[in-house]
Structure formats: structure tokens, C-alpha cells
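Just so it is clear: in the sequence shown, position 22 is 13 by our numbering, and no numbers are missing. From the three backbone atoms N, C-alpha and C, an ideal C-beta is built for every residue, glycine too. Notes follow once the structure below has been shown.
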Amino acid sequence: MIALTDVSGREFYLNCDLIYRIDRSFDTIITLTDGKKLRVIEKEPEIVERVIAFKRKIHSGFSEGDQ
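Given below as C-alpha cells:
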């Protein structure tokens, strides 16, 4: 999950596996896999970096010897 801020300034956490696409207009619009749209203040590159950091964090606990 990644922390984001909606356009009214409230922070929330989003399951990044639900992101279908990210578009830029006045605000950044995240479309989820179910079609729901979220408007956030973070820009696309920042969201992508947060997703990458989250994925690295959850996968870094696994080593080659783990099954």
C-alpha cells in the first residue's frame, strides 16, 4: 500500500495493485481496475516511485533459498 493525498488534503493508503492507469490533468487522476477514479495531488512520477519502492520492500524479504 502506498500513501497518497486526495485533493482535499486528506492522506489515505491505496493498494497499488488496484491501479489501472494514471492520468494528468489539473490534478493527477488514478483509475482503479474497477473503474473508480481518484484525484490526488501527487504527480505521476512520484506515484510510480512509491509503487516501485513498495514492491521492492515486499520482495526484498525473499532470497534465492526461500521457497
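- F17 sits in coil when the DSSP states are folded into three classes, being neither helix nor strand.
- The count of Cβ pairs closer than 8 Å, one atom from the segment 21 to 31 and one from the segment 43 to 54, stays below three, leaving the stretches out of contact.
- Burial is judged here by how many other beta carbons sit within 10 angstroms of a residue's own beta carbon; T19 has at least 16 and is buried.
- Straight across, the Cα-Cα distance linking I38 with R1 is about 16 Å.
- Beyond the five residues adjoining it in sequence on each side, Y11 comes within less than 7 Å, by CB distance, of T22, L23, T24 in the same chain, given in chain order.
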